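J.: I have a structure I would like to understand better, so I am pasting it below and will then ask my questions one at a time.
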Amino acid sequence: RSTLLASSAASDVYKRQNRKRTGKLHKRGIRMQPGEYNIVCEAWIVSGNRLLVTQRCKYKNFGGLWECTGGAVKAGESSIDCIKREIKEEIGIDVADEELTFKGTKHGAAFFIDCYELHRDLSLDDLTLQTEEVSGAKFVTLAEFEKMQKEKKLIPGLFDFMTELEFSFVTGKTTLSLIHISEPTRPL
Numbered sequence: 038r039s040t041l042l043a044s045s046a047a048s049d050v051y052k053r054q055n056r057k058r059t060g061k062l063h064k065r066g067i068r069m070q071p072g073e074y075n076i077v078c079e080a081w082i083v084s085g086n087r088l089l090v091t092q093r094c095k096y097k098n099f100g101g102l103w104e105c106t107g108g109a110v111k112a113g114e115s116s117i118d119c120i121k122r123e124i125k126e127e128i129g130i131d132v133a134d135e136e137l138t139f140k141g142t143k144h145g146a147a148f149f150i151d152c153y154e155l156h157r158d159l160s161l162d163d164l165t166l167q168t169e170e171v172s173g174a175k176f177v178t179l180a181e182f183e184k185m186q187k188e189k190k191l192i193p194g195l196f197d198f199m200t201e202l203e204f205s206f207v208t209g210k211t212t213l214s215l216i217h218i219s220e221p222t223r224p225l
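Quick note, the working numbering runs 37 ahead of the 1-based positions in the sequence shown.
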């Protein structure tokens with residue numbers, strides 16, 4: 038375990054049924070075995086009435102498409118620590134636990150996606166983009182975001198996922214977005 042753990046690309050392997058760690062590690066780039074899952078996190082960052090979207094670098098899967106900040110939980114890392122790290126790495130913003138609202142989890146083919154919402158007054162000048170991951174950033178209105186969805190400029194499933202979890206930016210519904218909800222699991 039210590040050899041893989043030294044690699045920043047290693048993540049814990051979880052069981053789908055109870056989201057418990059199996060004790061195994063998964064190395065990025067290697068296909069997960071049937072029944073194995075890892076955790077990825079995503080942050081929906083809103084400034085005023087605009088959503089921050091970032092553009093994936095061309096060399097990555099779905100390169101050139103727009104998404105929200107996020108990434109894989111590293112081995113031994115909690116979901117909330119992952120999203121704070123990803124926000125710092127990808128866009129250069131420090132975030133405190135109490136600023137994040139856990140919105141829910143979606144199950145993918147071999148992963149759980151934990152989603153967090155962050156409301157903060159930001160401008161593009163506040164961001165420092167990680168050029169290895171992010172090739173652009175912009176704040177969009179709901180109408181612009183919907184147009185990006187129709188034009189297939191967003192990573193697949195993003196808009197539907199936000200709607201499913203009733204993200205207030207997409208649904209227009211008032212939510213408990215300013216109340217911090219504990220994340221689903223924290224490693225011991």
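Using N, Cα and C, we set each Cβ at its ideal position, and we do this for glycine too. Predicted model only: the values in this text are computed from it and were never measured.
Can you give the Cα-Cα distance for G50 and H144, rounded to whole angstroms?
T.: For clarity, residue 50 is Val in the given sequence; the question names Gly instead. Cα to Cα, V50 sits roughly 14 angstroms from H144.
J.: Mark S160 as exposed unless 16 or more other C-beta atoms lie within 10 angstroms of its C-beta, in which case mark it buried.
T.: By the neighbour-count rule (16 or more Cβ atoms within 10 Å), S160 is not buried but exposed.
J.: Straight-line CA distance for W81 to L89?
T.: Cα to Cα, W81 sits roughly 7 angstroms from L89.
J.: Among residues of its own chain, excluding the 5 on either side of R53, which ones have a beta-carbon nearer than 6 angstroms to its beta-carbon?
T.: Only Y74 meet the Cβ criterion.
J.: If you pair each beta-carbon of the stretch 158-174 with each one of the stretch 193-201, do three or more pairs fall below 8 angstroms?
T.: Segments in contact, no.
J.: With DSSP collapsed to three states, give me the class of I52.
T.: The displayed chain sequence assigns Lys, not Ile, to residue 52. Residue state, collapsed to three classes: strand.
J.: Determine the DSSP secondary structure at L179, reduced to helix, strand or coil.
T.: L179 falls in the helix class under three-state DSSP.
J.: For T91 and G72, I'd like the C-alpha separation in whole angstroms.
T.: Rounded to the nearest angstrom, the two C-alpha atoms are 31 angstroms apart.
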